[in-house]
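Its first residue numbered 37, the sequence shown is counted upward by one per residue in our numbering.
For reference, the structure discussed in these notes is given below.
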Amino acid sequence: MSSDRPGRPADVVPEGEDPRQAGSAADTGPLRPSGRRARRGGGGGKEEKGSLLRELPVLLLTAFVLALVVKTFLVQAFFIPSGSMEQTLHGCPGCTGDRVLVNKVPYWFGEPEPGDIVVFEGPESWSPEVQVAEPGNWASSSLLWLGRAIGVAPPSEDDFVKRVIATGGQTVQCCDAEGRVTVDGEPLEEPYVYENTPLESRAFGPVTVPDGRLWVMGDHRSASADSKHHIGDEWSGTVAVDDVVGKAALIVWPLDRIGTLAAPDIQGTEAAGRPMPVSGPAAVAAPYALGLVGAVPLTAWRRRRRARPR
């Protein structure tokens, strides 16, 4: 005897009634998804995991490229190749010294100030402080360029790091009665000087710095080939502001020397409105963090495009 109600086909279930309780053909097994869900099947989790793994290289590459962009325009790491800035910065000929983070932002809005430690491209008349064997093929050159961009390769022979002593329009010379460098007749306060040049060979100038140029000297005065050593060249030893890469703001390696680099007011005049330098350990990770933050939405957008039905 059939259990179906009169007037209702056996395979028809009223709305709201569980087919497994209806005694119809639907009680032969569990409910099955239909349409797109059925086509996906039970492997959706594996497909999603595989998709994420495939996207990971793209995410990392995008983050790396964005980090390079940040370093090109915001900050960049440099090795200290020589001992010309001892004891502020450690370095030695033929070895890898301190690694510093150079902040490019302050000089978007102004020019270097006396007391700043700057990295710059030296004039042609300046002899390199370190000899670097440049690669002879494009592949090695590309790797070296990349290493320098992220601060894991020695700097170019043209890169120098010194402290700004005087700027355009100022007159610098040495020495006063106590053997100090003077700017516009006033002695500088230079607590950072290490192993000064002997007094009998310390004198130079006076030199009036042309507009748009800088007079720079190393903190290790007796071992620095700086503006004083090039006083006889075309620009009287000065370097162009346009050749400055940025302001050395932070020592990031080795770990026991991590710390900010001070820019003392060596001329005794507080400069109002100077941009604050990037400082603190967070500055080390900032370019990579910004790159990753930028890469995530780009990668997500790319995934949405690929998943869009065609």
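All C-beta atoms in this analysis are idealised placements derived from N, C-alpha and C, irrespective of residue type, glycine included.
Just so it is clear, the structure is predicted and the values come from calculations on it, not from any experiment.
Residue environment, G139, which counts as buried when at least 16 other CB atoms sit within 10 Å: For clarity, residue 139 is Asn in the given sequence; the question names Gly instead. With 16 or more other Cβ atoms within 10 Å, it is buried.
Euclidean distance between Cα positions of P150 and P93: 45 Å
Pair within 8 Å by beta-carbon distance, P223 and D212: yes
Assigned exposure category for L179 - 16 Cβ within 10 Å defines buried: exposed
Whether H266 touches W162 by CB criterion (8 Å): yes
Other residues of its chain near T218: CB distance less than 8 Å, five sequence neighbours each side excluded: V208, Q209, C210, C211, D212, L224
Whether V281 touches E157 by CB criterion (8 Å): yes
Assumed close pair A113, V288 - CB separation to whole angstroms, cut-off 8 Å: 7 Å
8 Å Cβ shell around P148 - same chain, five flanking residues per side excluded: V154, V200, T203, L250, V277, V280, K283
Bounding residues of the alpha helix (DSSP H) (the contiguous stretch that carries P142): 142-145
Inter-residue spacing [alpha-carbon to alpha-carbon] between L297 and R90: 43 Å
Residues near D220 in its chain [Cβ-Cβ closer than 7 Å; skip 5 each side]: Q206, T207
Bridge partner(s) assigned by DSSP for Q112: V138
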